[in-house]
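First the structure, in the form of structure tokens, and then the observations on it.
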Amino acid sequence: MLLDKPIYFSSYNFCCTEANPESLERAIYRRWQGRECNLKRYQPQQPCIRVDKNLTFELAQRMDWQPAPSSLIWALVPDLIRPFEIAVNGKRQGVTKQRLNTTQAALEAAQKCVKSWA
Numbered sequence: 001m002l003l004d005k006p007i008y009f010s011s012y013n014f015c016c017t018e019a020n021p022e023s024l025e026r027a028i029y030r031r032w033q034g035r036e037c038n039l040k041r042y043q044p045q046q047p048c049i050r051v052d053k054n055l056t057f058e059l060a061q062r063m064d065w066q067p068a069p070s071s072l073i074w075a076l077v078p079d080l081i082r083p084f085e086i087a088v089n090g091k092r093q094g095v096t097k098q099r100l101n102t103t104q105a106a107l108e109a110a111q112k113c114v115k116s117w118a
């Protein structure tokens, strides 16, 4: 079972000199203002956006570093079903080269999503 409701953030916090509050507001919510949302499941939000140019984030992205290809996927399901998975480049971590392009390499969340759409 995947999450059946969207996750809404009440605020976004940025600590860098490149962040432009007006651009962020437009990207996150202002472009949708004045438009109707016909989907009851998704509702427009207007989160608080804070930018502090004096703070530095010690783990901020650097141009000479590459982001890690790994990710953690979590779903709100019972613990017996294994609610989390670790992926590397979109495939389940620990998959051998021989099984890389098989269904055994696919993430459980992706398999459930495909099964629910079929």
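Numbered continuously in full-length UniProt numbering, the sequence shown closes out at residue 118. Built from N, CA and C at the ideal position, the CB exists for glycine as well.
Using a Cβ distance threshold of 9 angstroms, P47 and W32 do not count as a contacting pair. Distance from the CA of F14 to the CA of D52, rounded to the nearest whole angstrom, comes to 6 angstroms. In this structure, R92 lies away from L72, with their beta-carbon atoms at least 9 angstroms apart.
With fewer than 16 other beta carbons inside 10 angstroms of its own, A27 counts as exposed.
Distances from the alpha-carbon of E22 to those of R50, Q66 and G90 put R50 closest. Rounded to whole angstroms, the Cβ separation of V88 and P69 is 6 angstroms, and the two are in contact under 8 angstroms. Collapsing the DSSP output to three states places E85 in a strand. A straight line joining the alpha-carbon of T102 with that of E85 spans about 17 angstroms. In the structure shown, R92 falls within a strand segment according to DSSP collapsed to helix, strand and coil.
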